[in-house]
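Report on the structure given below.
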């Protein structure tokens, strides 16, 4: 593992100040193949990766490099063809699908390019109801707290159709962070936003990462965004080709 130096996300703020060297991700010789013989396609080839608590990590690469596939394996959304993944002390290959789904709750948060908000629920409900269904304590209080933290305390009762794209992504960030996960994945989180709104969303995401101490794993094709993380991993043709502290 490469030990990263801090790279400021904003003046006076280091995205990796809360690192404690507890291993959050431990991936060994991960491979992913799709299709049936003899036409199987190799998506990921022998990925070895360790990430510690509090790190901000960017996974950088062009379309088709395997970034989103690797995120799917590390988040437990898909199973690898070979190798092993352990996240926050859980060995994914030892868990059934039901056990894995339960284990992800509260441990792993995911922010995607699409907001995936339910149109018939308010901002507050979109954040609170998943926690309520998972049996977490005080879901609505936690949802209100996180929505306020992302600047939407005045929009709790608004529906997605009444919110701008940037506001909807703020709701998605609040939904991912409200369960207080050990690990937060953000897969092209500004892909549906204009430049100014996207920059503001990333400022917010790094600020919440620093405040909560959550390990942040950003998947992107944008070198400028990747450089804001404390560590940059470059992926090409399903392989890690570099793993360095951000410049």
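Residue numbers (this note's numbering): 5 to 251.
For every residue, glycine included, the Cβ atom is placed at its ideal position computed from N, Cα and C.
None of these values were measured; they are calculated from a predicted model.
Between residue i and residue j, which are expected to be in contact by the criterion C-beta below 8 angstroms, what is the C-beta distance as a whole number of angstroms?
{"i": "residue 240", "j": "residue 73", "result": "No, residue 240 and residue 73 are not in contact; Cβ-Cβ is about 13 angstroms, not under 8 angstroms."}
{"i": "residue 220", "j": "residue 111", "result": "Residue 220 to residue 111, Cβ: 14 angstroms. No contact."}
{"i": "residue 64", "j": "residue 242", "result": "Incorrect: roughly 14 angstroms between the Cβ atoms, too far for contact."}
{"i": "residue 87", "j": "residue 32", "result": "5 angstroms"}
What are the boundary residues of the alpha helix (DSSP H) that includes residue i?
{"i": "residue 113", "result": "Not the alpha helix (DSSP H): residue 113 falls in the beta strand (DSSP E), residues 112 to 115."}
{"i": "residue 202", "result": "199 to 216"}
{"i": "residue 152", "result": "143 to 153"}
Applying the 10 Å Cβ sphere with the 16-neighbour rule, what's the burial state of residue i?
{"i": "residue 172", "result": "buried"}
{"i": "residue 254", "result": "Residue 254 lies beyond the range of the chain shown here (5 to 251); nothing can be said about it."}
{"i": "residue 130", "result": "buried"}
{"i": "residue 192", "result": "buried"}
{"i": "residue 62", "result": "buried"}
{"i": "residue 214", "result": "buried"}
Can you list, in chain order, the residues of its chain with a C-beta nearer than 8 angstroms to that of residue i? Leave out the 5 residues immediately preceding and following it.
{"i": "residue 244", "result": "51, 52, 53, 237 and 238"}
{"i": "residue 14", "result": "Here the model assigns residue 14 a pLDDT of 40, short of 50, so the residue's position is not dependable, and the following value carries that caveat. Excluding sequence neighbours, residue 14 sits near 207, 210 and 211."}
{"i": "residue 161", "result": "126, 127 and 128"}
{"i": "residue 149", "result": "182"}
{"i": "residue 118", "result": "196"}
Closer than 6 angstroms by C-beta to residue i: which residues in its own chain qualify, once you throw out the five before and the five after it? Chain order, please.
{"i": "residue 39", "result": "45"}
{"i": "residue 159", "result": "127"}
Tell me, which residues are paired with residue i by DSSP?
{"i": "residue 54", "result": "30"}
{"i": "residue 45", "result": "38"}
Could you spell out the range, first to last residue, of the beta strand (DSSP E) harbouring residue i?
{"i": "residue 126", "result": "Per DSSP, residue 126 belongs to no beta strand (DSSP E) and is neither H nor E."}
If I measure Cβ to Cβ from residue i and keep anything under 7 angstroms in the same chain, skipping five residues before and after, which residues do I get?
{"i": "residue 26", "result": "56 and 57"}
{"i": "residue 177", "result": "115, 154, 208, 209 and 212"}
{"i": "residue 99", "result": "107"}
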